[in-house]
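Undergrad: Numbering (the UniProt record's numbering), first residue to last: 1 to 329.
Note that the Cβ used here is the ideal one computed from N, Cα and C, for glycine as well.
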């Protein structure tokens, strides 16, 4: 059972048309856009279809218009997730905004989950009957009813009598021509509006994708900035070069070459100073070795020579008189 799936899973490559067809077919709805399900009511009924009786449909509001009412639907959905031990995180703050990409991704996950539970099929589930217990559920399933009734009314309109048709036989071509023109004129705006809707939806998806990409790279740059501010390395010339690139203005085209020059200069200085440092280290090593040799010779001499008490007193008197010790061997 798929509860947490990666962004590269095949579920997130299902198109909007397939998702819409799945929603409308499963729940007998007439949604034209995926983001129309942002209220959360559709998600609740999808879970009710997969797990009958698990969702309290009387708490679901299909008439939710503001964010507060939508959040109540998502609370019902979260309770169902908790009962079923589903660990999927619901980004309510993004879904209720009606953003196309966020709603599409969550509905793609929902389809993948439902398919993993029932294999893509529902047995003896009546969505209209289950929706009647919800607020606005009855009207949701009957949105297309007025159009059908008006169509039937037009088809049932009485035909003119034959005598009236004969009297107006000369007007028939002109009226038919006018009706054809009106039909063509009405079809053009509807076609253009549908094309505009498709373009708007595609642009919204593109904007959402670009915003996510922007946030991703901004977080990476922020991590690099925090690392460069670490006290142990903030004085490094390489860190200074990185910060120069981070804080450069948009019009500064030479910032990369300047940063590279800083790194090259640092490498050159390090190469020039290394022989001097080696010579200094070698000199200090020689001085230490000399001191060790002198100390060892003094210790050996003290071990060989044994002074008598009279010599010690004489040396002490000499030191007292002259102020400098007289060594006697």
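Evaluate residue 47 with the Cβ neighbour count: other Cβ atoms within 10 Å of its Cβ, from every protein chain shown; 16 or more gives buried, anything less gives exposed.
TA: Flag for residue 47 reads buried.
Undergrad: Run the CB neighbour count on residue 43, radius 10 Å, all protein chains shown included, and call it buried at 16 or more, exposed below.
TA: With 16 or more Cβ atoms within 10 Å of its Cβ, residue 43 is classed as buried.
Undergrad: DSSP beta-bridge partners for residue 61?
TA: Partner(s): 135.
Undergrad: Count the other CB atoms, across all protein chains shown, that sit within 10 Å of the CB of residue 230; report buried if there are 16 or more and exposed otherwise.
TA: Residue 230 comes out exposed.
Undergrad: By how many angstroms is the C-alpha of residue 243 removed from the C-alpha of residue 68?
TA: Going from the Cα of residue 68 to the Cα of residue 243 covers about 45 Å.
Undergrad: Applying the 10 Å Cβ sphere with the 16-neighbour rule, what's the burial state of residue 108?
TA: That one is buried.
Undergrad: Who are the Cβ neighbours of residue 265 in its own chain at under 7 Å, not counting the five residues just before and after it?
TA: If we look at residue 265 and ignore the five residues flanking it on each side, it has no Cβ neighbours.
Undergrad: How many Å lie between residue 59 and residue 221 at the Cα?
TA: Each residue's alpha carbon lies about 45 Å from the other.
Undergrad: Taking buried to mean at least 16 other C-beta atoms within 10 Å of its own C-beta, is residue 35 buried or exposed?
TA: Residue 35 comes out buried.
Undergrad: Less than 8 Å between the CB atoms is what I'm expecting for residue 136 and residue 61, so what's the real figure, rounded?
TA: Residue 136 to residue 61, Cβ: 6 Å. Contact.
Undergrad: In angstroms with no decimal places, state the Cα-to-Cα distance between residue 15 and residue 199.
TA: Approximately 15 Å between the Cα atoms of the pair.
Undergrad: Here's the rule I'm using: 16 or more other beta-carbon atoms within 10 Å means buried, otherwise exposed. How should residue 170 be labelled?
TA: For residue 170, the predicted structure reports a pLDDT of 48, less than 50, and the residue's modelled location is therefore unreliable. The matter cannot be settled from this model.
Undergrad: At a cut of 8 Å, does the region 17-28 reach the region 84-98 through at least three beta carbon pairs?
TA: As far as the Cβ criterion goes, the region 17-28 does not touch the region 84-98, which means the pair count is below three.
Undergrad: Specify the secondary structure class of residue 230 as computed by DSSP and reduced to three states.
TA: Looking at residue 230 - three-state DSSP - the assignment turns out to be coil, as it is neither helix nor strand.
Undergrad: Would you say the beta carbon of residue 202 comes nearer than 8 Å to a heavy atom of the ligand GTP?
TA: The ligand GTP is not part of this structure, which contains no ligands at all.
Undergrad: What residue range is occupied by the uninterrupted alpha helix (DSSP H) comprising residue 71?
TA: Residues 67-83.
Undergrad: Can you find a C-beta in chain D that's less than 9 Å from the C-beta of residue 257?
TA: Structure shown: chain D not included; a single protein chain is present.
Undergrad: Taking the C-alpha atoms as reference points, what is the distance between residue 218 and residue 207?
TA: Going from the Cα of residue 218 to the Cα of residue 207 covers about 16 Å.
Undergrad: Three-state secondary structure (DSSP) at residue 115?
TA: Reduced to three states, the DSSP call for residue 115 is helix.
Undergrad: What distance in whole Å lies between the Cβ atoms of residue 91 and residue 102, which are believed to be in contact at a cut-off of 8 Å?
TA: The Cβ separation is near 7 Å, so the contact holds.
Undergrad: DSSP on residue 193, reduced to helix/strand/coil?
TA: Helix.
Undergrad: For residue 45, I'd like the list of residues in its chain whose CB is within less than 6 Å of its CB, leaving aside the five on either flank, ordered along the chain.
TA: Excluding positions up to five away in sequence, the list reads 27.
Undergrad: For residue 70, which residues in the same chain have their Cβ closer than 6 Å to its Cβ, ignoring the five residues on either side in sequence?
TA: The answer, listed in chain order, is 39, 40, 64 and 96.
Undergrad: How would you call residue 216, buried or exposed, if buried means at least 16 neighbouring beta carbons within 10 angstroms?
TA: Flag for residue 216 reads exposed.
Undergrad: Can you tell me the Cβ-Cβ gap for residue 255 and residue 248, rounded? I've got them flagged as a contact below 8 Å.
TA: The Cβ separation is near 4 Å, so the contact holds.
Undergrad: Going by DSSP, what residue range makes up the alpha helix (DSSP H) through residue 27?
TA: Start and end: 16-27.
Undergrad: Are residue 125 and residue 86 closer than 9 Å when you measure CB to CB?
TA: Going by C-beta atoms, residue 125 is not nearer than 9 Å to residue 86.
Undergrad: Mapping DSSP to helix, strand and coil, what is residue 240?
TA: Reduced to three states, the DSSP call for residue 240 is helix.
Undergrad: From the DSSP output, in three-state form, read off residue 125 for me.
TA: Three-state result, residue 125: coil.
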